[in-house]
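J.: Would you mind keeping the following structure in view while I ask a few things?
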Amino acid sequence: MERRHVHIHVTGIVQGVGMRPFVYRAAHEHRIAGWVLNAGDGVHIEAHGDRDDVDAFVRALRSDAPAASRIERVHVSDIAAPDGDDVPTDFRIVASDDATARTTLVSPDIATCEDCLRELFDPTDRRYHYPFINCTNCGPRFTIIRSLPYDRPATSMDRFPMCPACAAEYTDPGDRRFHAQPDACFACGPHITWRERTESDGPSEPVVGATRAESDAIIARCAGLIADGGIVAIKGLGGFHLACDAENETAVSELRRRKRRSNKPLAIMVRRQDLGPLLPHDAAPSDEEMDVLAGSVRPIVLLRYPPQTVSPRLALSLTCGLPDIGVMLPYTPLQHLLLAACAQRGITALVMTSGNLSEEPIEVDDRVAWEHLVATGIADALLGNDRPILARYDDSVVRIVGGTTLPVRRARGYAPRPLPIPRTDAADIPCVLACGPEQKATVALTREDANGPYCIVSQHIGDIENAETLDVWHEVRTGLEELFDLRPDVLACDPHPTYLSSVWARREAETRSIPLIEVQHHHAHIASVIAEAICAGSLGTDEPVIGFAFDGTGAGPDGTIWGGEVLIATLTDVTRAAHLRTWRLPGGAASIRDARRCAHGLLHELGLLDHPGAVPLSAGMDERERAITETMLTRAINCPTTSSTGRLFDAVAALLGIAGTATYEGEPACRLEAAAWAQAPRNHEPGIDPQMRFDLTPDANGALIIDSEPVVRALLDGRAAQVDAGVLAWRFHDAVASMMVDAASAVREQTGIAAVALSGGVFLNRLLLEAAIERLSRAGFSILVPTGVPVNDGCIAYGQAVVARARLAASAGARA
């Protein structure tokens, strides 16, 4: 039999997924001699064997790789046959090599697998009740890694030398923990710790769960405190949670008070076996939702939870009347143990919300978490551990629409999994750092290598409105640059003059004398959808789309606040084809917090302040407020002009008496959707009120103005006639969906474009999104929505990156 000798280079997500143990076993199965090692640019293999065996081995690398891996490329090159004493007779795993460029990709953290879960609750297993049980198929990855290649010394597990039993498993090719880097047990690994807030002046010393009995006692005490209505700060994979009994209305209300989160919904964590009895029938997850809930990522899944739904057990204030409830299943061993201990006390669901004050970064350090969460009185105790978190990660949030998983917050379990970006003919395109937006911030880095171009988009960072969050933004940015050995030579940012990330980008570009590409906010929104569609093969590389960019705020190039935009866009170019009729926001940002001001400004623009249906709005503002607001509008003092769809939804919520003020951005619009859900026909058939419409009129430049005067007048007529606010809310949603069809049809008639891209935070409104997709599809449009990045501002960094890169490629092509 002819022999073959090859070097194999495997790239993609191949570290932290059990790749080397898999290669080792596959090599023995196919009678291959040689070696495998981790390197900064992937996994390298040298294989020697009969030609048929080597060929079968290579096929297995592609087809049978670990489930958590993602193979981008298996490059095989023939090498000279070794001679003499250099001929290998066995296959081995050799020490990692970090001399290569750091281009490999690391697996995100993986939820506890079924094998580890069985051992966790098996009294005969030596890891029975060990809160950090893991194997090659599950456990922490990106949150514990310090550098590449992914080996224990390069992680926060480096401080925990393996005991003989764990070391034996680690080196046993037949063991599930063969080369599992976080492998540990009670004898050698991390331990949980416990501290309670007391009345004494000084902090108590933490209790350490160094043995099974001590660890069990801590978990029992934690469950007991929660059962008594307490709040506990609990360390997870990427940061702390604040937890309490989700069935205890008093505890949930107290958590809201302490965290300063009055109305925003809270997510719950529940065991799979308890989910059915906990949720009423009309909130039960679909098969698609259950698959995501129980998968290896374990994100928060937003389940339909109609406002009229009443669970016999869950606290009413969890959702604050909104039409979704966020649910996740446990994904760490500690969470499984804690939920089991709580179940013994009759508690089947825990609130699991981020461990921070609202609008501040999630806490990751035990000492700082004690100072910020417990010593300040937010939590009653802290359940920590001695394994450092090296990367800060919130829980991911997704929703399922039409059987498709759409990210709402891309973080733990998804990031920093790379996203494809369109190929170009240009060579040597430099690395682009996209600095992202101000809200729902992420950063993105592009890379060009043998696998083709791709984009590394960071985890959700938060709203960069203060120094603390900006520090986290820098922490994430530098962490990705260092881990993947990327030095950006081009910066991309939002043109907004005061966004902190954009201010930094302009200063950095000037300091380093490197190009800066500013990408208009709504172009970035639509470009993120275009890039995904091109990579998926559903859109041509230079094919334009009709882009609906509907959100709350974005700096327009004309100096106004955009947000109700219909764009004709490619990756490189954008034209404003239509937009909502503009109006003034009295007080600017104050109108975001007070939807009554927003509504007053809208009615002022439309000449409808004296309409009888506007009386309740005026009555809801005291005389001084009304006078000041009207003076600001009349004299155009601190009244920026906007075309924002998000602000239009807020204004309508105030006009209908559904919500006047906001405790978080967009709350009035969310409450408007909740009111509409109770009245919405299931098939989204158009409404019966012909007056509830938007008019389209061309402006002086040929763009269409989407005039809201008819729909607002009809809403006020209904308000004056005492039509139910929920009915009017549904008719408004119906009118917006119909308006989108009218606007898209008008643009198609002029341009022939039939592809429609939807992006912007307004499309987090499930009711509007479903109605728009259905109506546009029925009208013959192909619909594009993002699935790799969120529809909200979490997509902006990705959009900036693909626009900047496309413009660089176009510029290079023009020079050639």
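Numbered according to the working numbering, the sequence shown spans residues 9 to 824.
From the three backbone atoms N, C-alpha and C, an ideal C-beta is built for every residue, glycine too.
Using only CA atoms, which one of 78, 19, 24 and 72 lies nearest to residue 53?
T.: Reading the sequence shown from its first residue, position 45 is the one you call residue 53. Nearest C-alpha to residue 53: 19.
J.: Quick one: what does DSSP say residue 253 is sitting in, helix, strand or coil?
T.: Within the sequence shown, residue 253 is the residue found at index 245, counting from 1. In the structure shown, residue 253 falls within a strand segment according to DSSP collapsed to helix, strand and coil.
J.: For my contact list, residue 263 and residue 239 are in at a C-beta cut-off of 8 Å; report their separation, rounded to the angstrom.
T.: Numbered from 1 along the sequence shown, position 255 holds the residue referred to as residue 263. Numbered from 1 along the sequence shown, position 231 holds the residue referred to as residue 239. Here residue 263 really is in contact with residue 239; their C-beta atoms are around 5 Å apart, less than 8 Å.
J.: Between which two residues does the beta strand (DSSP E) harbouring residue 55 extend?
T.: The residue given as residue 55 occupies position 47 in the sequence shown. Element bounds for residue 55: 50 to 58.
J.: Sort 161, 139, 48 and 146 by Cα distance to residue 26 and report the nearest one.
T.: By 1-based counting over the sequence shown, the position of residue 26 is 18. The option with the nearest alpha carbon to residue 26 is 146.
J.: Look at the Cβ atom of residue 625, then the Cβ atom of residue 716, and state whether they are nearer than 8 Å.
T.: Taking the sequence shown and counting its residues from 1, the one referred to as residue 625 is at position 617. Taking the sequence shown and counting its residues from 1, the one referred to as residue 716 is at position 708. The answer is no: Cβ separation not under 8 Å.
J.: Counting only the same chain and skipping the five closest in sequence on each side, list residues whose C-beta sits under 7 Å from that of residue 813.
T.: Start at 1 with the first residue of the sequence shown, and residue 813 comes out as number 805. 429, 437, 440 and 454, listed in sequence order.
J.: Alpha carbon to alpha carbon, how far is residue 47 from residue 474?
T.: Along the sequence shown, one-based indexing puts residue 47 at 39. Along the sequence shown, one-based indexing puts residue 474 at 466. Approximately 38 Å between the Cα atoms of the pair.
J.: Can you list, in chain order, the stretches of the alpha helix (DSSP H) that have 4 or more residues and sit fully within the stretch 620 to 661?
T.: 623 to 627 and 631 to 643, all fully within the stretch 620 to 661.
J.: Enumerate in chain order the residues of its own chain whose CB-to-CB distance from residue 762 is below 7 Å, with the five nearest sequence positions on each side excluded.
T.: Residue mapping note: residue 762 aligns to position 754 of the sequence shown, counting from 1. Result list for residue 762: 756, 788, 789 and 790, in chain order.
J.: Under 8 Å, with one C-beta from each stretch per pair, do the stretch 741 to 761 and the stretch 544 to 556 reach the 3-pair mark?
T.: yes
J.: Using a 10 Å radius around the Cβ and a threshold of 16 neighbouring Cβ atoms, would you call residue 38 buried or exposed?
T.: Within the sequence shown, residue 38 is the residue found at index 30, counting from 1. Classification for residue 38: buried.
J.: Could you spell out where the alpha helix (DSSP H) holding residue 343 opens and where it closes?
T.: Locating residue 343 in the sequence shown gives position 335, where the first residue counts as 1. Residue 343 -> alpha helix (DSSP H) spans 341 to 351.
J.: Less than 6 Å between C-beta atoms, sequence neighbours within five positions excluded: which residues of the same chain meet that for residue 740?
T.: As a working note, residue 740 is residue 732 in the sequence shown. 660, listed in sequence order.
J.: Using a Cβ-Cβ cut-off of 7 Å (strictly less than) and excluding sequence neighbours within five positions of residue 364, which residues of its own chain qualify?
T.: What you label residue 364 is simply residue 356 of the sequence shown in a count that begins at 1. Same-chain partners within the cutoff: 370 and 371.
J.: Rounding to the nearest angstrom, what Cα-Cα distance links residue 564 and residue 174 in this structure?
T.: Translated into positions along the sequence shown, residue 564 becomes position 556. Translated into positions along the sequence shown, residue 174 becomes position 166. Cα-Cα distance, rounded: 59 Å.
J.: Among 501, 410, 520 and 682, whose alpha-carbon lies nearest the alpha-carbon of residue 495?
T.: Taking the first residue of the sequence shown as 1, we reach residue 495 at position 487. Of the candidates 501, 410, 520 and 682, the one whose C-alpha sits nearest the C-alpha of residue 495 is 520.
J.: Check residue 446 in the structure and name its three-state DSSP category.
T.: For the purposes of this step, residue 446 is identified with residue 438 of the sequence shown, where counting begins at 1. Looking at residue 446 - three-state DSSP - the assignment turns out to be coil, as it is neither helix nor strand.
J.: Assuming residue 226 and residue 254 make a contact with CB atoms under 8 Å, what is their CB distance in whole Å?
T.: Within the sequence shown, the letter at position 218 stands for residue 226. Within the sequence shown, the letter at position 246 stands for residue 254. Not confirmed; about 21 Å, so no contact.
J.: Within this structure, are the beta carbons of residue 279 and residue 347 separated by less than 8 Å?
T.: For this step, residue 279 is matched to residue 271 along the sequence shown. For this step, residue 347 is matched to residue 339 along the sequence shown. In contact: residue 279 and residue 347 (Cβ atoms closer than 8 Å).
J.: Can you tell me whether DSSP reads residue 731 as helix, strand or coil?
T.: Numbered from 1 along the sequence shown, position 723 holds the residue referred to as residue 731. Three-state result, residue 731: coil.
J.: The beta strand (DSSP E) with residue 558 in it runs from where to where?
T.: The residue labelled residue 558 in the question sits at position 550 within the sequence shown. Where residue 558 is concerned, the enclosing beta strand (DSSP E) stretches over 553 to 563.
J.: By DSSP, does residue 392 sit in helix, in strand, or in coil?
T.: Counting from one through the sequence shown, the residue named residue 392 turns up at place 384. Correct three-state label for residue 392: strand.
J.: Identify every run of the alpha helix (DSSP H) within the stretch 718 to 767, keeping only runs that are complete inside it and at least 4 residues long; order them along the chain.
T.: 733 to 759
J.: To which residues does DSSP link residue 592 through a beta bridge?
T.: Walking along the sequence shown from the start, residue 592 turns up at place 584. According to DSSP, which records beta bridges pairwise, residue 592 is partnered with 649.
J.: Ordered along the chain, which non-local residues of its own chain (more than five positions away) have a Cβ less than 6 Å from that of residue 165?
T.: Residue 165 sits at position 157 when you count from the first residue of the sequence shown. The answer, listed in chain order, is 190.
J.: Hey, out of 133, 664, 450 and 549, whose CA is closest to residue 805's CA?
T.: Numbered from 1 along the sequence shown, position 797 holds the residue referred to as residue 805. Ranking the options by Cα distance to residue 805, first place goes to 450.
J.: Entirely within the stretch 19 to 49 and at least 4 residues each: give me those alpha helix (DSSP H) ranges in chain order.
T.: 27 to 37
J.: Using 10 angstroms around the beta-carbon of residue 801, count the other beta-carbons present and answer buried if the total reaches 16, otherwise exposed.
T.: For the purposes of this step, residue 801 is taken as the residue at position 793 of the sequence shown. Classification for residue 801: buried.
J.: Assuming residue 808 contacts residue 444 (C-beta within less than 8 Å), just tell me the rounded distance between them.
T.: The residue labelled residue 808 in the question sits at position 800 within the sequence shown. The residue labelled residue 444 in the question sits at position 436 within the sequence shown. With 8 Å as the limit, residue 808 and residue 444 qualify as a contact, their Cβ atoms being about 7 Å apart.
J.: Taking DSSP as the reference, what is the three-state secondary structure of residue 672?
T.: Taking the first residue of the sequence shown as position 1, residue 672 is located at position 664. Correct three-state label for residue 672: coil.
J.: What does a CB cutoff of less than 7 Å around residue 313 pick up in its chain, not counting 5 residues either side in sequence?
T.: Residue 313 sits at position 305 when you count from the first residue of the sequence shown. Result list for residue 313: 291, 327, 331, 332 and 333, in chain order.
J.: State buried or exposed for residue 83, treating a residue as buried only when at least 16 other CB atoms are found within 10 Å of its CB.
T.: Sequence index remark: in the sequence shown, residue 83 carries index 75 (1-based). By the 10 Å Cβ count, residue 83 comes out exposed.
J.: Reducing DSSP to helix, strand and coil, say where residue 705 ends up.
T.: The sequence position of residue 705 within the sequence shown is 697, counting from 1. Of the three classes helix, strand and coil, the one that applies to residue 705 here is strand, per DSSP.
J.: Can you tell which of 817, 665, 22 and 796 has the C-alpha that lies nearest to the C-alpha of residue 413?
T.: Taking the sequence shown and counting its residues from 1, the one referred to as residue 413 is at position 405. With distances taken between Cα atoms, residue 413 lies closest to 796.
J.: Check for me: the beta strand (DSSP E) holding residue 178 runs from which residue to which?
T.: Along the sequence shown, one-based indexing puts residue 178 at 170. For residue 178, there is no enclosing beta strand (DSSP E); the residue is part of the alpha helix (DSSP H) that begins and ends at 172 to 178.
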